[in-house]
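Residue 281 is where the sequence shown starts when you use the numbering used here, and the numbers rise one by one after that. Beta carbons: idealized from backbone N, C-alpha and C, even for Gly. In this text, all values refer to a predicted model and were calculated from it rather than measured experimentally.
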Amino acid sequence: MSLIVKIGKKGKQIVKKIIAPAEKHSISYTRRIERVKTSRRICAMTFDDGPMDIPSTPDRFDGKSLTDVLLDTLAEFGAKGTFDVVGDTSENYPDNAGKVGSAAWGGVRYDHYPDIGKDDKGGVVHNDRLIRRMLNEGHQITSHGYRHIIFGKKPIVYGDRVYLGSVDKVLEDLNKLDALLKNSYGYDLAMHRPPHYVDKIGDGFSSYDVCDMMGYQYLGASFDGAGWLPSTLTDPEEALRAEVEAMVEPMRRALEKDPDFFCGQIIFHKDGYNMGKRTPVAFGLREQLELLKSYDYQVVTVSELLEESPFADVGSDDPLFEKLVRLERERAIVYSDNNLRLDDVMSWGELAMLLAPKDEALKLRWDKIKETGKRQEPYWGAMDWCVRHELIPAGARPNEMVTKLPEGLFKPATDMGRRSVYEAYIMP
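As structure tokens, this is what we get:
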């Protein structure tokens, strides 16, 4: 593997830790789905930024589009992919290309897929055939935004980028792609991955609020397929080989150390160029699938993965699993990182999220954000509703431990742990 690729990947991890401190997780209707709890050897692969109707680089597939190459490869292994598509980037002008090898290679002010000046070869709008092929072959499609414009500021990497900056503009963009898939293909989107994972919008709202509004879950990933990282080796063949090795060798090492490593994981890929304007995914995907097959893994869609378990830390072998699955469909009981944390004590804010109706709790909180222009405590709407209905004490603080459960809604609980409370809750 290229030393440059190794250093680049490690540097990204270090920078991320410095500029993005650990996220504080809270109970949320929208969860970031990165992996699920299962002992079965199944995993998922996601492909961002497509579809792409131009050949791979280098082209060794007789002019086939990159997306066709990926679909052919998946079909050969009986694998199903999750394609995180864009609508159309042709409105993202005026703009200029940045330096190849940098994050702005495809545009300084905007992203352009598959490349600047070639927007008519990318996105759902221009690729009816590819979208129909994905659907006909049983793959999942998720939302990556109509124009792939970041939601809010990202000054370190994309300081010159145009961003949407308001929840109304974000909703307009997402609804446009949602309507396109629904009206043209009868397909209902269920998941969304924000462009470049930018969550803060800037007007008090976040991508989690937007997913709540759209009825989506947040599509994350737990393992980096690495094909987006460029090698700076000058020889094109050596650079490509280094990039393919960067995709395959970390997976090989992980499996050699723990054959069950990928159980329930979501692997990230791009359906497009990397920053060096090559497509190692066209070649590395086959090697990854061969490796996974040798360990008896099945690659499924993310929606199929969630049928195994909707949670990251609780699987179907847990005695409370069936009730938790039913609860999750009706109430907010899971943290934003998709963990249940059943061994933790229940707080007043978490109890309020269990008891308050979703639509009313969200409306109260969103109205408060619009009124103040500031982000509100995540449990604010649910707690306000519960206080009004005398289900929790007026002076309760969101992070304080529950001291007494409201009568009539619960059977006797052994303690105030989250497992005991959910077990005692009487479902309506």
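* **Inter-residue Cα distance where the pair is E680 and V450** => Taking the sequence shown and counting its residues from 1, the one referred to as residue 680 is at position 400. Taking the sequence shown and counting its residues from 1, the one referred to as residue 450 is at position 170. Answer to the nearest angstrom: the Cα atoms are 34 Å apart.
* Could you tell me if S464 is buried or exposed, where buried requires 16 or more neighbouring beta carbons within 10 angstroms of its beta carbon? => Start at 1 with the first residue of the sequence shown, and residue 464 comes out as number 184. S464 comes out exposed.
* Put Q656 into one of helix, strand or coil per three-state DSSP. => Position 376 of the sequence shown, counted from the start, is the residue given in the question as residue 656. Looking at Q656 - three-state DSSP - the assignment turns out to be coil, as it is neither helix nor strand.
* Cα-Cα, which of Y467, V442 and K537 is closest to I430? -> For the purposes of this step, residue 430 is taken as residue 150 along the sequence shown, with counting starting at 1. Nearest of Y467, V442 and K537 to I430, Cα basis: V442.
* With a CB to CB cut of under 6 Å and the five nearest residues on each side skipped, what residues in its chain are close to E630? -> Looking up residue 630 in the sequence shown gives position 350. Taking E630 as the centre and dropping the five residues before and after it, the same chain places the C-beta of I307 closer than 6 Å to its C-beta, in chain order.
* Asked: Residue range of the beta strand (DSSP E) that S423 falls in?
  -> For the purposes of this step, residue 423 is taken as residue 143 along the sequence shown, with counting starting at 1. Per DSSP, S423 belongs to the beta strand (DSSP E) from Q420 to S423.
* **Cβ neighbour criterion (16 or more within 10 Å) applied to G343** => Residue mapping note: residue 343 aligns to position 63 of the sequence shown, counting from 1. It is exposed - the Cβ of G343 has fewer than 16 other Cβ atoms within 10 Å.
* **C-alpha distance - R312 paired with R611, whole-angstrom precision** => In the sequence shown, the residue the question calls residue 312 occupies position 32. In the sequence shown, the residue the question calls residue 611 occupies position 331. Cα to Cα, R312 sits roughly 16 Å from R611.
* For the stretch 684-700 against the stretch 616-626, are there 3 or more C-beta pairs whose distance is under 8 Å? -> Touching, yes, given that three or more Cβ pairs across the two stretches are closer than 8 Å.
* From G418, E608 and K462, pick the residue whose C-alpha is nearest to that of V579; which is it? -> By 1-based counting over the sequence shown, the position of residue 579 is 299. V579 has its Cα closest to that of G418, out of G418, E608 and K462.
* Asked: Among the residues of its own chain, which have a CB less than 6 Å from the CB of N619, if the five just before and after it don't count?
  -> Looking up residue 619 in the sequence shown gives position 339. Apart from the 5 residues on each side of it in sequence, N619 sits with its Cβ closer than 6 Å to the Cβ of A592 and D593 in its chain, given in chain order.
* For H476, the nearest candidate out of P708, H424 and S589 (CA to CA) -> Counted from its first residue, the sequence shown places residue 476 at position 196. Looking at the Cα atoms, H424 is the closest of the given residues.
* Three-state class that DSSP yields for D364 in the structure shown -> For the purposes of this step, residue 364 is identified with residue 84 of the sequence shown, where counting begins at 1. Note: D364 maps to strand in three-state DSSP.
* Round the Cβ separation of V388 and D440 to the nearest angstrom and send it over; I've been treating them as touching at under 8 Å. => Residue numbering aside, residue 388 sits at position 108 when the sequence shown is read from its first letter. Residue numbering aside, residue 440 sits at position 160 when the sequence shown is read from its first letter. Their Cβ separation, rounded to whole angstroms, is 5 Å, which keeps V388 and D440 in contact under 8 Å.
* Nearest candidate by alpha-carbon position, reference E452, set V490, N416, Q656 and S589 -> Here residue 452 refers to the residue found at position 172 when the sequence shown is read from its first residue. The candidate whose alpha carbon is nearest that of E452 is V490.
* To do: Quick one: give me the first and last residue of the alpha helix (DSSP H) that A384 is part of.
  => Taking the first residue of the sequence shown as 1, we reach residue 384 at position 104. From DSSP, A384 is part of no alpha helix (DSSP H); its letter is neither H nor E.
* To do: Leaving out five residues on either side along the sequence, give the residues of the same chain with a beta carbon under 6 Å from the beta carbon of Y705.
  => Position 425 of the sequence shown, counted from the start, is the residue given in the question as residue 705. Cβ neighbours of Y705 beyond the five flanking positions: F690.
* **6 Å Cβ shell around L457 - same chain, five flanking residues per side excluded** => Position 177 of the sequence shown, counting from 1, holds the residue named residue 457. Result list for L457: G367, S423 and Y426, in chain order.
* Measure the C-alpha to C-alpha separation of E525 and M531 and round it to an integer number of angstroms. => As a first step, residue 525 must be located in the sequence shown, where it is residue number 245. As a first step, residue 531 must be located in the sequence shown, where it is residue number 251. Those two C-alpha atoms are separated by around 10 Å.
* Asked: Between Y702 and L607, which are expected to be in contact by the criterion C-beta below 8 Å, what is the C-beta distance as a whole number of angstroms?
  -> Locating residue 702 in the sequence shown gives position 422, where the first residue counts as 1. Locating residue 607 in the sequence shown gives position 327, where the first residue counts as 1. The beta carbons of Y702 and L607 sit about 6 Å from each other, so the pair counts as a contact at 8 Å.
* Span of the alpha helix (DSSP H) around Q568 -> Position 288 of the sequence shown, counted from the first residue, corresponds to residue 568. Looking at the DSSP string, the run of the alpha helix (DSSP H) that includes Q568 is V561 to S574.
* **Exposure of L283, with buried meaning 16 or more beta-carbon neighbours within 10 Å** => By 1-based counting over the sequence shown, the position of residue 283 is 3. In this predicted model, L283 has a pLDDT of only 45, less than 50, meaning its place in the structure is not dependable; the value taken from the coordinates is given anyway. By the Cβ neighbour-count rule, L283 is exposed, with fewer than 16 other Cβ atoms within 10 Å of its own.
* Residue range of the unbroken alpha helix (DSSP H) whose run includes T317 -> Along the sequence shown, read from residue 1 onward, the residue named residue 317 stands at position 37. For clarity, residue 317 is Lys in the given sequence; the question names Thr instead. For K317, no alpha helix (DSSP H) segment is defined, and its DSSP state is neither H nor E.
* **Residues near G361 by beta carbon distance below 6 Å, same chain, minus five either side** => As a first step, residue 361 must be located in the sequence shown, where it is residue number 81. Once the five neighbours on either side are set aside, the close Cβ partners of G361 are M325, F327, L354 and H419.
* **Test item: CB-CB of M332 and D551 under 8 Å** => Sequence index remark: in the sequence shown, residue 332 carries index 52 (1-based). Sequence index remark: in the sequence shown, residue 551 carries index 271 (1-based). The answer is yes: Cβ separation under 8 Å.
* **N-terminal and C-terminal residue of the beta strand (DSSP E) that V579 is part of** => For the purposes of this step, residue 579 is taken as the residue at position 299 of the sequence shown. That run of the beta strand (DSSP E) goes Q578 to V580.
* Asked: Is it true that the CB of T310 sits closer than 8 Å to the CB of S589?
  -> Within the sequence shown, the letter at position 309 stands for residue 589. Within the sequence shown, the letter at position 30 stands for residue 310. In this structure, S589 sits away from T310, with a CB-CB distance that is not shorter than 8 Å.
* **Which of helix, strand or coil DSSP assigns to G688** => Along the sequence shown, read from residue 1 onward, the residue named residue 688 stands at position 408. Coil, per DSSP.
* Are the stretch 597-606 and the stretch 552-572 in contact at 8 Å, needing three or more beta carbon pairs? -> Fewer than three beta-carbon pairs drawn from the stretch 597-606 and the stretch 552-572 are found closer than 8 Å, and the two stretches are therefore not classed as touching.
* Classify C543 as helix, strand or coil using the three-state DSSP reduction. => Here the question's residue 543 lines up with position 263 in the sequence shown. DSSP places C543 outside both helix and strand once states are collapsed to three, so it counts as coil.
* Please report how far the alpha carbon of P692 lies from the alpha carbon of V682, in whole angstroms. => In the sequence shown, the residue the question calls residue 692 occupies position 412. In the sequence shown, the residue the question calls residue 682 occupies position 402. Taking the straight line joining both Cα atoms gives about 14 Å.
* P637: which of K654, H669, Q656 and Y615 sits nearest, CA to CA? -> Residue numbering aside, residue 637 sits at position 357 when the sequence shown is read from its first letter. The candidate whose alpha carbon is nearest that of P637 is H669.
* Looking only at its own chain, which residues have a Cβ that is under 7 Å from the Cβ of P678, when we skip the five neighbours before and after it? -> By 1-based counting over the sequence shown, the position of residue 678 is 398. The answer, listed in chain order, is S627, W628, G629, E657, Y659 and M663.
* **Under 8 Å between C-beta atoms of K398 and I322** => Within the sequence shown, residue 398 is the residue found at index 118, counting from 1. Within the sequence shown, residue 322 is the residue found at index 42, counting from 1. Cβ atoms of K398 and I322: not closer than 8 Å.
* To do: Classify F669 as helix, strand or coil using the three-state DSSP reduction.
  => As a working note, residue 669 is residue 389 in the sequence shown. Per the sequence presented here, residue 669 reads as His, with Phe not at that position. In the three-state scheme derived from DSSP, where H, G and I count as helix and E and B as strand, H669 is classed as coil.
* **Enclosing beta strand (DSSP E) for S436 [first to last residue]** => The residue you call residue 436 lines up with position 156 of the sequence shown. Ser is not the amino acid found at residue 436; the sequence shown has Ile there. I436 -> not in any beta strand (DSSP E); alpha helix (DSSP H) instead, spanning P435 to Y438.
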